[in-house]
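Sequence positions in the sequence shown follow the numbering used here and run 24 to 450.
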Amino acid sequence: MLWAARVPLRAADDPRAAEFGFEQRVRNENWNNIFDYSDRTDDQRNQIRYRTRLWTNLPLTPKITLAAGLNQETCQVIVPRQPYRFDEVIFETAYLDIRDLFLKGLSLRVGRQNLIRGEGALIFEGTAWDGSRTIYSNAAVLSYARQNVKVDWIGVLNPARERFLPRIHDRRRMLTEWTDQALGTYVTWKLNRNADVESYYFYKKEVNDTRARSNPQFQPDRHVSTAGGRLVQRLANGWTATSEAAGQWGATHAHEDIRAWYAFSHVKKEAAAKTKPYLLGGYWGFSGDNPRTPGRIEGWDPLFARWPKWSELYIYSQVKEKGAAYWTNTSLWQAEMGFQPWKPVRWRFTYYRMGAYHPFAGDPKIFAGGTSRGNMWQTRLDFTVDKHWNGHVLYEALAPGDFYRVGSLTYFLRFELIYTIKGHFKL
Numbered sequence: 024m025l026w027a028a029r030v031p032l033r034a035a036d037d038p039r040a041a042e043f044g045f046e047q048r049v050r051n052e053n054w055n056n057i058f059d060y061s062d063r064t065d066d067q068r069n070q071i072r073y074r075t076r077l078w079t080n081l082p083l084t085p086k087i088t089l090a091a092g093l094n095q096e097t098c099q100v101i102v103p104r105q106p107y108r109f110d111e112v113i114f115e116t117a118y119l120d121i122r123d124l125f126l127k128g129l130s131l132r133v134g135r136q137n138l139i140r141g142e143g144a145l146i147f148e149g150t151a152w153d154g155s156r157t158i159y160s161n162a163a164v165l166s167y168a169r170q171n172v173k174v175d176w177i178g179v180l181n182p183a184r185e186r187f188l189p190r191i192h193d194r195r196r197m198l199t200e201w202t203d204q205a206l207g208t209y210v211t212w213k214l215n216r217n218a219d220v221e222s223y224y225f226y227k228k229e230v231n232d233t234r235a236r237s238n239p240q241f242q243p244d245r246h247v248s249t250a251g252g253r254l255v256q257r258l259a260n261g262w263t264a265t266s267e268a269a270g271q272w273g274a275t276h277a278h279e280d281i282r283a284w285y286a287f288s289h290v291k292k293e294a295a296a297k298t299k300p301y302l303l304g305g306y307w308g309f310s311g312d313n314p315r316t317p318g319r320i321e322g323w324d325p326l327f328a329r330w331p332k333w334s335e336l337y338i339y340s341q342v343k344e345k346g347a348a349y350w351t352n353t354s355l356w357q358a359e360m361g362f363q364p365w366k367p368v369r370w371r372f373t374y375y376r377m378g379a380y381h382p383f384a385g386d387p388k389i390f391a392g393g394t395s396r397g398n399m400w401q402t403r404l405d406f407t408v409d410k411h412w413n414g415h416v417l418y419e420a421l422a423p424g425d426f427y428r429v430g431s432l433t434y435f436l437r438f439e440l441i442y443t444i445k446g447h448f449k450l
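Here you go:
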């Protein structure tokens, strides 16, 4: 074997080169009050999460690649003190990539893979309940690219618990509350050098909820269609405008109609300075279920976007509503600034004015009758030491509004460090 980790060679550069990689991530997380926003209960948590990843891409032929990757994440809870238990080892990736299938520009990727489209507001996370361990989906993606247009035909099957690939030290981890089945089309069109357009349609079924029917969060089997589009327009003098909107319709097996929507728009200004400063302002909206319209569901279904795009803190608060990272019945006014004080460091500051379109009729000890979720402040500092070491520090705080019964300040603090090795060898 030829070792060349210092100057990694991509398989695309040499069809005979196989890639490999190793990553060790350590996270220390601290939080308080994020489930009930009350100092009256003791829910402080301090934990360390150790995630180990090992992967390889093997070229079987000049046009066919086999990719496989293992993942293991163990969480050590310090406050409240819990015994350390080694978690399961799972296949994070396992797919076959076929390029120029039958004709130039047509490709097929089938198997366990990460699906990310746009800003991740619709397609990003396929395993919402395993935290940040993985984001994979079990999928088949047939793509055709020609000139400035690319079309993806996507099929997804994500069971509530693993049933496709073996595990070591199986812990029967829940991946989603129900089984996800979806078919869809995603089109990306580069109009010109300053404008990109994306459009999509997905038909999704969510079936076999694992929770008891007596659970107030139990969801009957449902099918939902989602159609929408996204526009990115790059303007003069460092300005960029981005907008996206989508509508949903469908029904549940309990004979409830689904009618929901999602939309966002933001403007970003980047300055041509050494510190690369930028300003961003915008609005995000996810429709909410109106309690005055029984028999109809107006709450947005985030499909495959249940991840902490807007907040690491708030995804835990959502557990008491619809589920972890279930972005629905939420509005966010966003103001953000960032800069690069020196080359290895990026620093951002974000403010969200958070609201709800309707009050939530949940646990009266937690929820009140208002629609103000509160004011959130975030700051995040990312740093890169070299090609092997990087990390970040993140702090979030939220002052709750009248959406909650008690308004105690809450916080989320995280320190992260990642070590990565990448290399190749010739077959």
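Using N, Cα and C, we set each Cβ at its ideal position, and we do this for glycine too.
| Check | Outcome |
| --- | --- |
| Trp-54 versus Phe-309 - alpha carbon distance | 26 Å |
| Sequence-distant residues of its chain with Cβ nearer than 7 Å to Ser-395 (five each side left out) | Gly-378, Gly-424, Asp-425, Phe-426 |
| Beta-carbon spacing of Val-133, Leu-119 below 7 Å | yes |
| Contact under 7 Å by Cβ, Leu-198 with Thr-150 | yes |
| Ser-395: first and last residue of the uninterrupted beta strand (DSSP E) it sits in | 395 to 407 |
| Assigned exposure category for Thr-433 - 16 Cβ within 10 Å defines buried | buried |
| Three-pair Cβ contact test at 8 Å for the region 330 to 350 versus the region 272 to 282 | no |
| Pairwise C-alpha distance: Ala-41 and His-447 | 5 Å |
| Backbone CA spacing between Asp-62 and Tyr-209 [nearest angstrom] | 46 Å |
| Classification of Leu-126 by the beta-carbon crowding that lies within 10 angstroms, buried from 16 upward | exposed |
| For Ile-281 and Gln-271, the rounded distance between their alpha carbons | 7 Å |
| Proximity below 7 Å, CB of Glu-200 to CB of Thr-233 | yes |
| Extent of the continuous beta strand (DSSP E) to which Tyr-60 belongs | First-last for Tyr-60: undefined, no H or E at that position. |
| 6 Å CB neighbourhood of Phe-435 in its chain, flanking five on each side removed | Trp-54, Glu-335, Leu-336, Glu-419 |
| Ala-274 Cβ short of 6 Å to the ligand FAD heavy atom set | You won't find the ligand FAD in this model; it holds no ligand whatsoever. |
| Sequence-distant residues of its chain with Cβ nearer than 6 Å to Tyr-339 (five each side left out) | Ile-57 |
| Candidates Ala-296, Cys-98, Ile-146, Trp-78, of which the one nearest Arg-329 by Cα | Ile-146 |
| Cβ contact check for the region 203 to 222 and the region 98 to 115: 3 or more pairs under 8 Å | no |
| Coil, strand or helix - Ser-431 by DSSP | coil |
| Distance CB(Phe-287)-CB(Trp-307) smaller than 7 Å | yes |
| Simplified DSSP assignment, three categories, for His-289 | strand |
| Trp-152 - DSSP class collapsed to helix/strand/coil | helix |
| Buried versus exposed, by CB contacts within 10 Å (16 or more), Arg-74 | buried |
| Neighbour-count burial assignment, Ala-269, 16 or more Cβ in a 10 Å radius | buried |
| Length of the line joining the Cα atoms of Phe-362 and Tyr-285 | 30 Å |
| Ala-28 in three-state terms, based on DSSP | Unreliable positioning characterises Ala-28 in this predicted model, as indicated by a pLDDT of 34, which lies under 50. The coordinate reading is nonetheless provided below. Here Ala-28 sits in coil by DSSP. |
| Nearest neighbour of Val-429, chosen from Tyr-60, Arg-48, Gln-47 [CA to CA] | Tyr-60 |
| CA nearest to the CA of Trp-412, picked from Thr-443, Asn-398, Arg-437, Pro-382 | Thr-443 |
| Helix, strand or coil at Asn-260 according to DSSP, with G and I counted as helix | helix |
| 7 Å Cβ shell around Glu-191 - same chain, five flanking residues per side excluded | First, the amino acid is wrong: residue 191 is Ile here, not Glu. Within the same chain, Ile-191 has close Cβ partners Glu-111, Val-112. |
| Rounded C-alpha distance that separates Gly-252 from Thr-316 | 28 Å |
| Reference Gly-397, options Leu-421, Ile-389, Phe-383, closest by Cα | Leu-421 |
| 8 Å contact criterion, which Phe-327 and Ser-160 should meet: CB distance rounded | 7 Å |
| Where Ile-7 sits in the DSSP three-state scheme | The requested residue 7 does not occur in the structure, where the chain is confined to residues 24 to 450. |
| Enclosing beta strand (DSSP E) for Glu-142 [first to last residue] | Neither: Glu-142 is in no beta strand (DSSP E) and is coded neither H nor E. |
| Per-residue DSSP class, three states only, for Lys-343 | helix |
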